[in-house]
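In my numbering, each residue carries its 1-based index in the sequence shown increased by 154. C-beta: ideal position from N, C-alpha, C; glycine also. Below is one structure, written out as structure tokens, with a few remarks after it.
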Amino acid sequence: QANPSFAIRGKVMAQYIYYVENKRKMSVLNAIDGYSPLLANAFVEEFKSLGGEILSEQNYRSNTFDLSEQVSKIAADSLTLEEVYLPLANKSDVPAILSQFVQHNLNVPIYGNQDWFTAKGFETSPELSNKLTFTSDYYIDFNNKAFQKFSKDFLNITNIDADRNVLYGYDITEYVLNIVKNFNSSRDTIKNELESGIIFRGFHNNIFFDGNRVNKFLNIVRYKDGKFELVDKFKAGK
């Protein structure tokens, strides 16, 4: 599975915050809709297993625009709280969430999922928005020379833009073809190589499989001064 599972997504965010950001005290605010609770549960389980502390776990129904009760409970720990994990189910919830953070003077870093990529309403709180970091299974560096050449060649040949959906398919195909080319042997040999931990550096994301057969890489993206920037390509540990 080239696209990381929800379990991997929650795990990556927890490990990144714990090991890279060196934070130990978190709260979680998630929707009860869609995959938001799956991400939240995976995050909480991993963060606790690493030794971190979850101060408060709050949830809400998406498109409910009064989150004052949930945010006030999180803000009650503001003296010890370091960050909030906030996996969205619906990008339209962002203005209401940020507004409540501002009203409760909750000025802490926010971590989330890739739905933040397409969210609107960051102008509700520029200061908070500049503290937003999230995981994403894609990030396209349009300034990358290799990507620019590939994109131009692909458009000339197919008359199709090399968007994220194209890159999902291209990267995994290139990954598999490289293995087949380099290990032109039996099916079992190819299978073993696929699971051996080879890292493939793709345009949209890195790819790494082990015995669990699920890609363990995600992009870490940060919003800063009106732009999204790539911070890291992070691989989940065991």
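- Judged by pairs of C-beta atoms under 8 Å, the region 276-295 touches the region 371-389, as three or more such pairs exist.
- Taken atom to atom, the span from the alpha-carbon of A161 to that of D364 is near 15 Å.
- If you look at K387, you'll find it in the beta strand (DSSP E) that goes 381-389.
- By the Cβ rule, the region 317-324 does not count as touching the region 180-188, because fewer than three pairs are nearer than 8 Å.
- Between the region 304-320 and the region 381-390, the count of C-beta pairs closer than 8 Å stays below three; the two stretches do not touch.
- Residue burial annotation: A390 is buried, with at least 16 other C-beta atoms found within 10 angstroms of its C-beta.
- Of the other Cβ atoms in all chains shown, 16 or more fall within 10 Å of the Cβ of Q224; this residue is therefore buried.
- With a cutoff of 8 Å on beta-carbon distance, A168 and L204 are scored as near each other.
- Listed in chain order, the non-local C-beta contacts of L252 below 8 Å within the same chain comprise G275, F276, T278, S279, L282, S283, local neighbours out to five positions each way being set aside.
- The continuous beta strand (DSSP E) containing I353 extends over residues 353-355.
- Counting only residues of its own chain and dropping the five nearest sequence neighbours on each side, F255 has a CB closer than 7 Å to the CB of V225, S279, L282.
- Excluding five sequence positions before and after L348, the CB atoms of its chain that fall closer than 7 Å to its own CB belong to I333, F363, given in chain order.
- Rounded to whole angstroms, the gap between the alpha carbons of N366 and K165 is 14 Å.
- In the DSSP annotation of this structure, the continuous segment of the beta strand (DSSP E) that includes K378 starts and ends at 371-378.
- Here K179 is near L209, since their CB atoms are less than 8 Å apart.
- Contiguous beta strand (DSSP E) elements confined to the region 234-282 occur at 237-239, 264-266, taking only those with 3 or more residues.
- Here the alpha carbon of N244 sits roughly 18 Å from the alpha carbon of F197.
- In the DSSP assignment, V225 falls within the alpha helix (DSSP H) that extends over 222-229.
- A Cβ-Cβ separation of about 32 Å leaves A250 out of contact with F296 under the 8 Å criterion.
- The straight-line gap separating the alpha-carbon atoms of D307 and L331 is approximately 19 Å.
- For F197, the enclosing alpha helix (DSSP H) begins and ends at 190-204.
- Nearest to Q257 by C-alpha distance, out of S222, A273, L242, is S222.
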